[in-house]
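Per the working numbering, the sequence shown starts with residue 48, numbered consecutively. Ideal Cβ positions, reconstructed from N, Cα and C, are used throughout, including at glycine. Structure first, commentary second.
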Amino acid sequence: MISFIILHYKNIHDTIECIESIKKINYKKKSIVIVDNNTLTKNNKEKLLMYTDDIIELKENIGFAKANNIGCSYAIKKYNPDFLCVINNDIIINQKDFITEVYKKYDEINFDILGPKILTNNGDSVNPFHAYQTVEEIDKKINYSKKMIKIYNNSILRNLLVLYMNIKHIFVKPKTLRNGSCSCFDVALHGCALIFSKKYYLKFKDVFYSNTFLYHEEEFLDYRRRKNNLITYYDSDLEVFHKEGASLNESFKYSSDYKKIIFRHNEIIKSLEILKKIILNNEDI
48 MISFIILHYK NIHDTIECIE SIKKINYKKK SIVIVDNNTL TKNNKEKLLM
98 YTDDIIELKE NIGFAKANNI GCSYAIKKYN PDFLCVINND IIINQKDFIT
148 EVYKKYDEIN FDILGPKILT NNGDSVNPFH AYQTVEEIDK KINYSKKMIK
198 IYNNSILRNL LVLYMNIKHI FVKPKTLRNG SCSCFDVALH GCALIFSKKY
248 YLKFKDVFYS NTFLYHEEEF LDYRRRKNNL ITYYDSDLEV FHKEGASLNE
298 SFKYSSDYKK IIFRHNEIIK SLEILKKIIL NNEDI
């Protein structure tokens, strides 16, 4: 048995497309758990009930880690699965033998966490994921986010930056990520699609470190990997498609809505300040 945990937030079309792709996988013993971060309408819930009865409706938006932990705990208690496959609702799985390959890989390497190749429209795979591991890297990112907040809070600087980025994108071709050609052990993995083995989830109280709201969940998992000598594996033969892809990067897709960007950077700072403290104190998480 493998349980898919899908975190739903507003976009019902993406969630349904994700579920339908899972339904097409050639494997009978699978369950689908939907966790809604307080956005599900009655009409949309009825649509989801056509695919699964396992729908968890949260009374408030509690972010990525906490909501996924609730979904994982539900699946563990109800299904006792061999694997938890935690995916964003904008993930599409077109590989019909996806689950069979997960079982085969576990038989070969006994992994704790497995990460697939995450295909996007803008490049190859965002796996393996570059996670911040040092205080110096974290401080650099925190300072960058603070700088962005100052810029976006100033209308003149904000408009100048947007103008600069628009001009830059005309003349400079965006970088594509092509680091996913080879499978490898002991790497950080992107949070939009993660497969956790039972061996992993029995070791920890929660699947994800739960004291963050959004962003940089990968770093906490990677810290846990290094602290506990976990086996993580990037499998280039296992594939999913991430519809959003590059929008998670600094693409300025929503540059007109500067409040979203400020919110994002504030949450990044909060997460990284927590991570920095954990690293400095050498804490167990």
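Original post:
From this set, 234, 103, 331, 238, which residue's C-alpha is nearest residue 122's C-alpha?
Top reply: Within the sequence shown, residue 122 is the residue found at index 75, counting from 1. Nearest of 234, 103, 331, 238 to residue 122, Cα basis: 103.
Original post:
Whole-angstrom Cβ separation of residue 80 and residue 118, contact assumed at under 8 Å?
Top reply: Position 33 of the sequence shown, counted from the first residue, corresponds to residue 80. Position 71 of the sequence shown, counted from the first residue, corresponds to residue 118. Their Cβ separation, rounded to whole angstroms, is 5 Å, which keeps residue 80 and residue 118 in contact under 8 Å.
Original post:
Sorted by chain position, which residues of the same chain lie with C-beta nearer than 7 Å to residue 265's C-beta, five sequence neighbours on each side aside?
Top reply: As a working mapping, residue 265 is identified with position 218 in the sequence shown. Same-chain partners within the cutoff: 176, 178, 235, 236, 237, 238.
**OP:** Name the residue from 51, 267, 63 whose alpha carbon lies nearest to the alpha carbon of residue 128.
**Re:** Sequence index remark: in the sequence shown, residue 128 carries index 81 (1-based). It is 51 whose Cα lies nearest to the Cα of residue 128.
Original post:
Three-state secondary structure (DSSP) at residue 184?
Top reply: Working through the sequence shown from its first residue, we reach residue 184 at position 137. In this structure, residue 184 counts as helix in the three-state DSSP scheme.
Subject >> Whole-angstrom distance between residue 322 and residue 184, CA atom to CA atom >> reply: On the sequence shown, position 137 is the one that residue 184 refers to. On the sequence shown, position 275 is the one that residue 322 refers to. Using only the alpha carbons, I get a separation of about 11 Å.
Subject >> Cross-strand partners of residue 244 (DSSP beta bridge) >> reply: Counting from one through the sequence shown, the residue named residue 244 turns up at place 197. According to DSSP, which records beta bridges pairwise, residue 244 is partnered with 130.
Original post:
Which residues share a DSSP beta bridge with residue 162?
Top reply: The residue labelled residue 162 in the question sits at position 115 within the sequence shown. DSSP lists 281 as partners of residue 162.
Original post:
In terms of residue numbering, what span does the beta strand (DSSP E) encompassing residue 69 cover?
Top reply: For the purposes of this step, residue 69 is identified with residue 22 of the sequence shown, where counting begins at 1. Segment 59–70 is the alpha helix (DSSP H) holding residue 69; no beta strand (DSSP E) there.
Subject >> the segment 271–290 / the segment 143–160 touching (three or more Cβ pairs under 8 Å) >> reply: yes
Subject >> Assigned exposure category for residue 147 - 16 Cβ within 10 Å defines buried >> reply: Within the sequence shown, numbered from 1, the residue matching residue 147 stands at position 100. Burial call: exposed.
Original post:
Alpha carbon to alpha carbon, what distance is there between residue 201 and residue 295?
Top reply: Working through the sequence shown from its first residue, we reach residue 295 at position 248. Working through the sequence shown from its first residue, we reach residue 201 at position 154. Note on residue 295: pLDDT 39, under 50, position unreliable in the model; the coordinate value appears next. If I take the Cα positions, the gap works out to 23 Å.
**OP:** Go to residue 325, then tell me how far its alpha helix (DSSP H) extends in each direction, as first and last residue.
**Re:** Reading the sequence shown from its first residue, position 278 is the one you call residue 325. Looking at the DSSP string, the run of the alpha helix (DSSP H) that includes residue 325 is 305–328.
Subject >> Cutoff 8 Å; reference residue 227; Cβ partners in own chain excluding five residues on either side >> reply: By one-based count along the sequence shown, residue 227 stands at place 180. Within the same chain, residue 227 has close Cβ partners 164, 165, 171, 172, 173, 174, 175, 281, 283.
**OP:** Indicate whether the contact test is met: 3 or more Cβ pairs, each with one atom in the segment 127–141 and one in the segment 88–97, closer than 8 Å.
**Re:** no
Subject >> Buried or exposed (CB count within 10 angstroms, at least 16 for buried), residue 85 >> reply: Residue mapping note: residue 85 aligns to position 38 of the sequence shown, counting from 1. When all chains shown are included, residue 85 counts as exposed.
**OP:** With DSSP as the reference, label residue 332 as helix, strand or coil.
**Re:** In the sequence shown, residue 332 corresponds to position 285, counting from 1. Residue state, collapsed to three classes: coil.
Original post:
Nearest to residue 54 by CA position, among 159, 74, 241, is which residue?
Top reply: By 1-based counting over the sequence shown, the position of residue 54 is 7. The shortest C-alpha separation from residue 54 is found at 241.
Original post:
Would DSSP call residue 111 helix, strand or coil?
Top reply: As a first step, residue 111 is located in the sequence shown; it is residue number 64 there, counting from the start. It is helical.
Subject >> residue 53, DSSP secondary structure in three states >> reply: In the sequence shown, counting from the first residue as 1, residue 53 sits at position 6. Three-state result, residue 53: strand.
Original post:
Rounded to a whole number of angstroms, what is the C-alpha to C-alpha distance between residue 313 and residue 187?
Top reply: The count along the sequence shown starts at 1 and reaches residue 313 at position 266. The count along the sequence shown starts at 1 and reaches residue 187 at position 140. Cα-Cα distance, rounded: 15 Å.
Original post:
Any idea if residue 115 is buried or exposed, counting beta-carbon neighbours within 10 angstroms, 16 or more meaning buried?
Top reply: Against the sequence shown, residue 115 aligns to sequence position 68. Looking at its Cβ environment, which holds 16 or more other Cβ atoms inside 10 Å, residue 115 is buried.
Original post:
Taking the C-alpha atoms as reference points, what is the distance between residue 182 and residue 331?
Top reply: Stepping through the sequence shown from its first residue, residue 182 is reached at position 135. Stepping through the sequence shown from its first residue, residue 331 is reached at position 284. Their backbone Cα atoms lie some 17 Å apart in a straight line.
Original post:
Given residue 271, which residues of its chain have a CB within under 8 Å of its CB, disregarding the five upstream and five downstream residues?
Top reply: For the purposes of this step, residue 271 is taken as residue 224 along the sequence shown, with counting starting at 1. 251, 256, 277, 332.
Original post:
Beta carbon of residue 72, beta carbon of residue 140: below 8 Å?
Top reply: Numbered from its first residue, the sequence shown carries residue 72 at position 25. Numbered from its first residue, the sequence shown carries residue 140 at position 93. Contact flag set, yes.
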